[in-house]
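In the UniProt record's numbering, the protein residues as written are 1 to 577.
C-beta: ideal position from N, C-alpha, C; glycine also.
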Amino acid sequence: MALGRFFFLVVFPILCVGTRALPHHTVNDVFVSFSGKDIRRDFLSHLIRDFSRKQIFAFVDYKLERGDQISAALSSAIERSGISLVIFSLNYADSGWCLDELVNISECRKWQGQLVIPVFYNVDPSHVRHQEGTYVREESERHGIISLKEKLFSTLLEEDLKFNTANGLPGYVKSRLSYMKVLIVLDDVNDSDQQEILVGTGDWFGSGSRIIVTSRNKQVLANGVDDIYKVGVLDFDDALKLFNMHAFKQNHLEMLDYYDLAIRVVNYANGIPLVLKVLGHLLRGKDKELWESQLYKLRKLPSKKIHDVMKLSYDDLDRNEQRIFLDLACFFSGLILEVGYVKVLLKNSKNDNSVAIGLEGLKDKSLISVSEDNVVYMHDIIEEMGWEIVRQECSENPGGCSRLWDPDDICEVLKNDEGTEAIRSIRTHLSAVTRLKLSPHVFVKMTKLQFMDFHSESDQDGLDILPEGLQYLPTELRYLRWMNYPLKSLPERFSPENLVILDLSYSRLETLWHGQQNLVNLKLVRFYGSKFLKELPDFSKATNLELLDIRFCTNLASVHASILTINNLEKLDDTAR
């Protein structure tokens, strides 16, 4: 088969297949998404006949009457199905109807745990075997836009590609792509430059290709987009069904005593699915008296602001869950960390099980979700609610906040040396602080700082931020990412005994520190692109180190012999060193 006939699917986040019981609220056993009369006559007709023999009820979208709005009729059918069966054929991506279905199916998989089964009809599945779940905003913040671009096109061309610049593509890559018909979904794009860097103007790919971009910022979609679809809220009937699913584990009310109460809750949610889901979990299993109590609180919210409604769920958490929730909202959300790393970073002692228990509690209350690849995620609305809670701690004094993420607040604190021991985490893009000239003692008062992240997509941001050097970093640091770190070494008096993750990608480091250090908690070290690094430190006491990334450390002649003694080391990545 010629290359031009292959259908490539690269979906961010991608549909995955798992094994689970069907939800109790299902009306249809299977929803079938397909395109083409040939499939309907041949493959699908046999499939439906077999389903019927097995007493499996399948909803096939050709049953919809003309004039039905896909956003209502189809969305409802998909949400009410236990399984979505997606038949990918050569012309699937040509159908805007099918692409709308695919977006709805992806959302149901993500938020309802729906099982999704892909079927490849006259399409070679080997061309989609590298599917991975990635959000553009989060991935570009974590590794840089060039890394994300390499990941995308390496997946498409099935080879390990490296790009020296974010702009354009090498001629041979463009030539190969021009024969490929692709469906690419870029999820959570927050900058129009990201879209242009990743997919150009759309003319890199073969005829019939489709690119779907999701964004919370309409301006991102202002240029180079053929059609814009605005996601609306649920109508009252669908909102009530969704709430009932989460409050009563069924989409119709059998508990008539709660009917009026449920109506009142739904009215406050204003058709927003996430709010309905969270309030449903908040009230599940509680008696009418507690429902009335929560409704009384809702009535006292004059503007019915979504964050105020969501905060009821936060108020219902215990202190440990609240601490973990705020750490996730203000620092860890978007870092794409596996649950195991999050547990280690947040726990207070080796045998501390409170973090694992707290994460399960947050998951049960729908305040976080865990993907099939075991990564913790938080919805943007919930994340913003966490930010608002922290803002109220210290609205007049950013230096007194427990967590800093707002660029303006961080600039004020760092520029004026207003840091205090109250600060637990700092996270910002380097471009926000790159013009500052920081004191060498800027972190001295932040003795309780545990999590610090200065990230960037450019290797030029923040190079002049420490003109007089740096004398101190807090011993309490557990997570330290400082991309483009501008000095030749870390402060001499810094004790890294609590570090779990150290990421100094694209740094100006020549050496990290001298002599042996207590590194028993260290699990991940990344020096990616640190071209001036001459030597690695003694890692003999880093007995729990799992990953060491020294890719593109071109001045590093050799690695320290202690690396050979680390039994837990799973990956030593020194590509192109």
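By a beta-carbon distance limit of 8 Å, V275 contacts M310. Their separation comes to about 6 Å.
Rounded to whole angstroms, G113 and V225 show a C-alpha spacing of 31 Å. Residues S354 and G358 of the same chain have their beta carbon placed closer than 6 Å to that of N320, with the five preceding and five following residues left out of the count. By the Cβ neighbour-count rule, L290 is exposed, with fewer than 16 other Cβ atoms within 10 Å of its own. Pairing F205 with K110, the inter-Cα distance amounts to about 28 Å. Below 8 Å, too few C-beta pairs join the segment 393 to 407 and the segment 363 to 381 to call them touching: fewer than three. Per DSSP, the continuous beta strand (DSSP E) segment holding A58 begins and ends at A58 to V60.
Of the residues D238, T420 and L261, the one whose Cα lies closest to the Cα of R299 is L261. In the three-state reduction of the DSSP assignment, M452 falls in the strand class. Taken through DSSP and simplified to helix, strand or coil, S313 comes out as helix. DSSP lists R481 and R526 as the bridge partner or partners of D503. Taking one beta carbon from each stretch, the segment 328 to 344 and the segment 418 to 431 have 3 or more pairs nearer than 8 Å; the two touch.
Inter-segment contact for the segment 150 to 159 and the segment 466 to 481 is absent: fewer than three beta-carbon pairs are separated by less than 8 Å. DSSP assignment within the segment 224 to 306 yields the following whole alpha helix (DSSP H) runs of 4 residues or more, N-terminal first: 236 to 248, 259 to 269, 273 to 283 and 288 to 299.
Linking L524 to L569 through their CA atoms gives a straight-line distance of about 9 Å. By the Cβ test, the segment 474 to 488 is in contact with the segment 450 to 466, since at least three Cβ pairs between them sit closer than 8 Å.
Separation of Q219 and D453 (C-alpha to C-alpha, rounded to the nearest whole angstrom) is 28 Å. Annotation for K174: W204 place their beta carbon closer than 8 Å to its own, counting only its chain and skipping 5 residues before and after. Where G469 is concerned, there is no enclosing alpha helix (DSSP H), because DSSP gives it neither an H nor an E. Relative to the Cα of I105, the nearest Cα in the group S75, S431, Y121 and F120 belongs to S75. Scanning R526, Y314 and L473 for the CA closest to the CA of F494 turns up L473. L414 places its beta carbon less than 9 Å from that of L436. With a contact defined as Cβ atoms closer than 8 Å, S35 and S89 qualify at about 6 Å. Taking C-beta atoms under 8 Å as the contact rule, A239 and G202 fail to qualify, at a distance of about 36 Å. Ranked by how close their Cα comes to the Cα of A247, the residues V265, N416 and S489 have V265 in first place.
Counting other Cβ atoms within 10 Å of its Cβ, V32 reaches 16 or more and is therefore classed as buried.
V116 is bridged by DSSP to S84. If you ignore the 5 residues before and after G386, its C-beta comes within less than 7 Å of the C-beta of F325, L326, A329 and C330, all in its own chain and listed in chain order. Rounded to whole angstroms, the gap between the alpha carbons of T543 and L519 is 7 Å. Annotation for L547: the continuous beta strand (DSSP E) segment containing it runs L547 to D549.
Note on geometry: alpha-carbon atoms of H307 and S395 lie some 17 Å from one another.
DSSP places N320 outside any beta strand (DSSP E); the residue lies instead in the alpha helix (DSSP H), whose first and last residues are R319 to D327.
For T155, the enclosing alpha helix (DSSP H) stretches over residues I145 to L157. Beyond the five residues adjoining it in sequence on each side, H379 comes within less than 6 Å, by CB distance, of L274 in the same chain, given in chain order. The Cβ atoms of R478 and L345 sit closer than 9 Å to each other. For the set I87, Y314, F153 and V103, the Cα lying nearest the Cα of N122 is the one of I87.
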